[in-house]
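Worksheet: one structure, shown below.
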Amino acid sequence: KWQHLTMCAGVLGEDELEDGLMFDGSSIEGWKAINESDMILKPDLDAVYVDPFSATPMMILFCDIVGFTPLTERMPPAELVALLNGYFDVMTPLFRRHGGAIDKFIGDAIMAVYVGEGPDAAATSACGAVRTGLAILEALGPFNARCPEPLQVRIGINSGDVILGDIGSRQHRRDYTVI
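With the sequence shown counted from 1, adding 17 to any position gets you our numbering.
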């Protein structure tokens, strides 16, 4: 008896999920004693697992604050959170303006993805990521002018195939992210 069956999700339509797939039972020993209803492969939709991952070319931008850990040791928590939230408020619109989508905040870091469209997808996503990086550097000056402790940032941009999907523990917490 089959316990697991792996199939490409692209071959299954809604009808196959609801009605199941028929198979020819003539190759099974004793097939004449098998009822037609026993020859239906029907997934248990409560137990089905669809692997949503596929490689997608993207640009990824990381931006973090230089010396953030020592800063956390010097500032009272409430002031630190206010500083960080103010920084994020200034920086996050720059990502959308240049075609990026923020994937997550990692402490003081911002991780964003850029996916271009059309025949020049790689070029448009690269330009968007670079423009965002330049905009961050430009916005940092006015932010620091009113900041109790001036900040410096590091910006890294990388390109390549990434896996986009739901990643994490099935029992506790998952995030839709890129790897």
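C-beta: ideal position from N, C-alpha, C; glycine also.
Item                                                                                                                  : Value
Exposure label - D125; buried when at least 16 CB within 10 Å                                                         : buried
For L181, the three-state DSSP class (helix, strand or coil)                                                          : strand
Alpha-carbon spacing of P94 relative to L101, whole angstroms                                                         : 10 Å
Residues of its chain near H169, where Cβ-Cβ distance is below 6 Å and the 5 sequence neighbours each way are ignored : Contrary to the premise, residue 169 reads as Gln rather than His in this sequence. For Q169, where only same-chain residues beyond five positions count, the Cβ hits under 6 Å are V83.
The segment 74-83 contacting the segment 114-131, beta-carbon criterion three pairs below 8 Å                         : yes
Range of the contiguous beta strand (DSSP E) that encloses G133                                                       : Where G133 is concerned, there is no enclosing beta strand (DSSP E), given that its DSSP letter is neither H nor E.
Whole-angstrom distance between R187 and I174, CA atom to CA atom                                                     : 30 Å
Beta carbon of P165 nearer than 9 Å to that of E96                                                                    : yes
DSSP state of G13 mapped onto helix, strand, coil                                                                     : This structure cannot settle anything about residue 13, because the visible part of the chain is limited to 18 through 196.
R191 - containing beta strand (DSSP E), residue span                                                                  : R191 to V195
Distance CB(D192)-CB(D178) smaller than 9 Å                                                                           : no
Coarse secondary structure for L78, derived from DSSP in three states                                                 : strand
Euclidean distance between Cα positions of I123 and T109                                                              : 13 Å
In DSSP terms, what D73 is bridged to                                                                                 : As written in the sequence, residue 73 is Thr, which differs from the Asp given in the question. V179.
Among G133, R114, D106 and K121, the one whose alpha carbon lies nearest that of T194                                 : K121
Cβ distance (whole Å) where G117 is taken to contact T149 below 8 Å                                                   : 5 Å
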